[in-house]
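Peer 1: Would you mind keeping the following structure in view while I ask a few things?
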Amino acid sequence: MFFMSAEFQTVVSALNEGFVKTVELFFLTLVGALPLGLVISFGSMSRFTPLRWLTRTVVWIIRGTPLVLQILIIYYVPPLMKLFNWGGGESGRFTAVTTAFIINYAFYFSEIYRGGIQGVPIGQQEAGQVLGMTKSQIFFRVTLLQMIKRIVPPMSNEIITLVKDTSLARVIALQEVIWMGESFMKGNRGYAGLIWPLFFTAVYYLAFSGIVTILLNRLEKKLDFFR
Numbered sequence: 001m002f003f004m005s006a007e008f009q010t011v012v013s014a015l016n017e018g019f020v021k022t023v024e025l026f027f028l029t030l031v032g033a034l035p036l037g038l039v040i041s042f043g044s045m046s047r048f049t050p051l052r053w054l055t056r057t058v059v060w061i062i063r064g065t066p067l068v069l070q071i072l073i074i075y076y077v078p079p080l081m082k083l084f085n086w087g088g089g090e091s092g093r094f095t096a097v098t099t100a101f102i103i104n105y106a107f108y109f110s111e112i113y114r115g116g117i118q119g120v121p122i123g124q125q126e127a128g129q130v131l132g133m134t135k136s137q138i139f140f141r142v143t144l145l146q147m148i149k150r151i152v153p154p155m156s157n158e159i160i161t162l163v164k165d166t167s168l169a170r171v172i173a174l175q176e177v178i179w180m181g182e183s184f185m186k187g188n189r190g191y192a193g194l195i196w197p198l199f200f201t202a203v204y205y206l207a208f209s210g211i212v213t214i215l216l217n218r219l220e221k222k223l224d225f226f227r
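Counting with UniProt numbering, you get residues 1 to 227 for the letters of the sequence shown.
Structure, rendered in structure tokens:
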């Protein structure tokens, strides 16, 4: 049977290796971009005008240029300018592409954070000041909790997009799941001209995005008590 053939087992083994790389890139991006985005949002809302405009200009540049271009620049420009080298092999490419993803998504998340924070009525903060709360207490006990319920839906959309955007890592030959699928068309592990592995990668993305969607929907339901 086809599903028991050596060809199928070889392809699935390779796709699994690529999928692990995809999942690693996804989670490392979230771990780095979520807190960094919050810090950037503070810069966008800063009362210090030069910092505010500088931050918003960088946000405009990052959001206005393709992620694939940012990956290429981050990977190739530092070594060409002799600033530093990402290192050779798969580990160097993975470090570079993870850095690019974290930067890109941090700036996207920053705008979501900014909208959520500014969407909290100013009266809530004034009430906290009347009660004698410090600025940090107001933010963490009043603003942050109300911000969360506002940012979960748009943040969920960005996270689902991240699942699919991980495929862009192949532009610098990172061996993620689509790169692995395509490699069997060109010749990999003794096989060439195989088209079905490339389409089979869709199963991985559908399963991954489906699981992430279910988890995010559950998170939204758990946050209903804020409404």
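Heads up, the beta-carbon is just placed ideally off N, CA and C, and yes, glycines get one too.
Which complete alpha helix (DSSP H) runs does the region 55 to 127 hold, if anything under 4 residues is left out?
Peer 2: Runs found: 67 to 80 and 89 to 118.
Peer 1: As a quick exercise: from Gly187, Phe109 and Thr161, pick the residue whose alpha carbon is nearest that of Phe208.
Peer 2: Stepping through the sequence shown from its first residue, residue 208 is reached at position 208. Selected option, being the one with the closest Cα: Thr161.
Peer 1: Can you give me the Cβ contacts of Pro197 inside the same chain, cut-off strictly under 7 Å, excluding the 5 residues immediately before and after it?
Peer 2: Mapped onto the sequence shown, residue 197 falls at position 197. Val11, Leu15, Gly181 and Phe184, listed in sequence order.
Peer 1: What do you reckon, are the CB atoms on Leu38 and Tyr113 nearer than 7 Å?
Peer 2: For this step, residue 38 is matched to residue 38 along the sequence shown. For this step, residue 113 is matched to residue 113 along the sequence shown. Yes, the Cβ-Cβ distance between Leu38 and Tyr113 is below 7 Å.
Peer 1: Using the rule of at least 16 other Cβ atoms within 10 Å of the residue's Cβ for burial, across every protein chain shown, is Leu206 buried or exposed?
Peer 2: Here residue 206 is taken as the residue at index 206 of the sequence shown, counted from 1. Result: exposed.
Peer 1: Taking the continuous alpha helix (DSSP H) assigned at Asn16, which residues delimit it?
Peer 2: Counting from one through the sequence shown, the residue named residue 16 turns up at place 16. Looking at the DSSP string, the run of the alpha helix (DSSP H) that includes Asn16 is Ala6 to Ser44.
Peer 1: Between residue 236 and Val31, what straight-line distance do the alpha-carbon atoms span, to the nearest angstrom?
Peer 2: The requested residue 236 does not occur in the structure, where the chain is confined to residues 1 to 227.
Peer 1: By a C-beta neighbour count over all protein chains shown, 10 Å radius and 16 as the cutoff for buried, is Ala169 buried or exposed?
Peer 2: Here residue 169 refers to the residue found at position 169 when the sequence shown is read from its first residue. With 16 or more Cβ atoms within 10 Å of its Cβ, Ala169 is classed as buried.
Peer 1: Considering only DSSP beta bridges, list what Phe191 is partnered with.
Peer 2: Locating residue 191 in the sequence shown gives position 191, where the first residue counts as 1. Before going on, a small fix: residue 191 reads as Tyr here, not Phe. For Tyr191, which the question treats as bridged, DSSP gives the partners Asn188.
Peer 1: Got a sec, what are the start and stop residues for the alpha helix (DSSP H) Ser209 sits in?
Peer 2: Numbered from 1 along the sequence shown, position 209 holds the residue referred to as residue 209. Element bounds for Ser209: Trp196 to Lys222.
Peer 1: In terms of residue numbering, what span does the alpha helix (DSSP H) encompassing Arg150 cover?
Peer 2: Position 150 of the sequence shown, counting from 1, holds the residue named residue 150. Looking at the DSSP string, the run of the alpha helix (DSSP H) that includes Arg150 is Leu144 to Asp165.
Peer 1: Within the same chain, show all residues whose beta-carbon is closer than 8 Å to that of Glu17, passing over the 5 residues directly before and after it, in chain order.
Peer 2: Translated into positions along the sequence shown, residue 17 becomes position 17. Hits under 8 Å: Gln175 and Met180.
Peer 1: Give a yes or no on contact between the region 106 to 122 and the region 85 to 92, applying the rule of three or more CB pairs nearer than 8 Å.
Peer 2: Contact between the region 106 to 122 and the region 85 to 92 is absent, because fewer than three Cβ pairs lie under 8 Å.
Peer 1: Would you mind sorting Thr49 into buried or exposed? The rule is 16 or more other CB atoms within 10 Å of its CB.
Peer 2: Taking the first residue of the sequence shown as 1, we reach residue 49 at position 49. Looking at its Cβ environment, which holds fewer than 16 other Cβ atoms inside 10 Å, Thr49 is exposed.
Peer 1: Helix, strand or coil for Glu182, going by three-state DSSP, please let me know.
Peer 2: Looking up residue 182 in the sequence shown gives position 182. Three-state DSSP puts Glu182 in a helix.
Peer 1: What residue does the alpha helix (DSSP H) around Ile172 start on, and which one ends it?
Peer 2: Sequence index remark: in the sequence shown, residue 172 carries index 172 (1-based). Ile172 -> no alpha helix (DSSP H), and no H or E assigned at all.
Peer 1: Look at the alpha carbon of Met81 and the alpha carbon of Val68, and state the distance between them as a whole number of angstroms.
Peer 2: Along the sequence shown, read from residue 1 onward, the residue named residue 81 stands at position 81. Along the sequence shown, read from residue 1 onward, the residue named residue 68 stands at position 68. Going from the Cα of Met81 to the Cα of Val68 covers about 20 Å.
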